[in-house]
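Read the structure below first, then the notes.
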Amino acid sequence: MRNVFFSSGRSVRVDTDSADRALVALRDAFDVERVEVADGPFRFRQEVTGQGRFAVARVRVQGRLVMESQPLPFWSVIALDAGRVEVSTAAGTLVRSDATPLLFPRDGRKRVVWEDAEFRQIVLREEDARREFDTMGLPPGALRVHDAPDGEVARLHWQAVADHVRQVTASGMLVDSPIVRAATFHVLVAAFVEAFVDRQATPVPVDPGAGSPIGVRRALQFIQAHAAEELSVDEIAASAGMSPRGLQAAFLRQLGHSPMTALRRERLRRAHEALLLARDGSGTTVAAVAAHWRFSNPGRFATQYLREYGRSPRETLRAD
0 MRNVFFSSGR SVRVDTDSAD RALVALRDAF DVERVEVADG PFRFRQEVTG
50 QGRFAVARVR VQGRLVMESQ PLPFWSVIAL DAGRVEVSTA AGTLVRSDAT
100 PLLFPRDGRK RVVWEDAEFR QIVLREEDAR REFDTMGLPP GALRVHDAPD
150 GEVARLHWQA VADHVRQVTA SGMLVDSPIV RAATFHVLVA AFVEAFVDRQ
200 ATPVPVDPGA GSPIGVRRAL QFIQAHAAEE LSVDEIAASA GMSPRGLQAA
250 FLRQLGHSPM TALRRERLRR AHEALLLARD GSGTTVAAVA AHWRFSNPGR
300 FATQYLREYG RSPRETLRAD
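Just so you know, the sequence shown maps onto residues 0 to 319 in numbering that gives the first Met the number 0.
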């Protein structure tokens, strides 16, 4: 299927009062088979900017529009700014009339009703997102997901990352810099996993070759996926199918440092990302970020951060 979401660097705009033209635009985006428009005023506006592996969009529907679509090879998250949406599948019906992010069901046929709706949308192509999942310790195959972020922290984190991605996309930096594009996609997928993937229902499988470098890689993936949680060497070792002593020896032999050092570095990196993404007036504080990533001593956190990044956490938070 040709899809406007993944035309890299390309922006596509549609503004029409024709149901037929709206159907063409929705078919290109959602593989929509049928569109119905209620009597009365109708207008459909859509602006999509694709980046190859992901896309951002803004859509406005004036009036009532019903569409039916097939299963899709991507994840789509919307945040309503106005109006109402109702999504029906064989599993049931989801309704949103507020700004709580909604992860659209991917599998099976869908019937979607938009009523005077205006929303922002983030789309992740499945095959590319799964490559990132591999680095986070998530197994191949089906994932159990939530239709809304799993908790307030996850919701705020997703919204901050989504806003950042929209700003970077609008700036044109993603077209000009492959490095920025890759880093943005990684942060976006990580926020998606934190917000919507039920990791308790999709455990990391134990690799039979865990005593090899694959075992160390599995341990690193587990650390990345669970860095915000309280972790012990025993838990990290169990994720790789190794004994704690064997894990320590393998890390020292292959990486030159311990598993707990790897955990500290991962937490420091994630705290750095959170400070970079925080916006003025968002209410984010250095203390809150440090606590979320399990740094119990603010002074020690600031010292480690300065040593790693060459400036204090507060300077990063206040930077333009």
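For glycine and all other residues, C-beta sits at the position ideal for the given N, C-alpha and C.
Cutoff 8 Å; reference residue i; Cβ partners in own chain excluding five residues on either side
i	result
A277	A159, T283, V288 and L316
P297	V285, A286 and A289
V167	L173, V179 and T183
E229	R293
D115	V60, Q61, G62, R63, A81, G82 and R83
Minimum C-alpha distance to residue i - residue among the options
i	options	result
S68	A237, V55 and D106	D106
A326	W74, E229, G214 and R263	What the structure shows of the chain is the stretch from 0 to 319, and residue 326 is not part of that stretch, so it cannot be assessed.
I178	R266, T15 and Q50	Q50
A81	A18, P100 and Q253	P100
T92	A78, A37, V111 and D16	V111
P328	L275, A273, Q223 and H145	Residue 328 falls outside the range modelled here, since the chain spans only 0 to 319, and no answer is possible.
L86	L102, G150 and W74	It is Val, not Leu, that sits at residue 86 in the sequence shown. The residue with the shortest Cα to Cα distance from V86 is L102.
R299	L274, A273, L267 and L275	L267
R129	A98, G171 and F53	F53
L187	A98, R44, R310 and A273	A273
F29	A56, G39 and D14	A56
A90	D146, H185 and E126	D146
R44	D19, D27 and D14	D14
Cβ-based neighbour list, residue i, same chain, cut-off 6 Å, excluding 5 preceding and 5 following
i	result
Y304	P312
V31	L25, M66 and S68
E35	V65
P104	T88
R33	E67
I77	L101, F118 and Q120
For residue i, three-class secondary structure by DSSP
i	result
R293	coil
A56	strand
F41	coil
T183	helix
D162	helix
G298	helix
R310	coil
T315	helix
Q69	coil
Q303	helix
S170	helix
G214	helix
Cut-off 7 Å between Cβ atoms - residues of its own chain near residue i, not counting five sequence neighbours on either side
i	result
A209	Any reading at A209 must be qualified, since the residue scores a pLDDT of 41, below 50, and its modelled position is unreliable; the value itself is stated next. Contacts found: R217, A239, G240 and M241.
P243	V232, D233 and A236
D16	F41 and R42
A190	H156, W157 and V160
Assumed close pair residue i, residue j - CB separation to whole angstroms, cut-off 8 Å
i	j	result
M135	V192	6 Å
V58	F118	6 Å
H163	A194	Rounded, the Cβ-Cβ distance is 14 Å, inconsistent with contact.
V308	H271	The question names Val, but residue 308 is Tyr in the sequence shown. Between H271 and Y308 the Cβ distance is about 6 Å, and since that is below 8 Å, they are a contact.
Fully enclosed by the region 71-144, which alpha helix (DSSP H) runs are 4 residues long or longer? 125-134
What ranges does the alpha helix (DSSP H) occupy inside the region 220-268, keeping only unbroken runs of at least 4 residues that lie completely in it? 232-239 and 243-253
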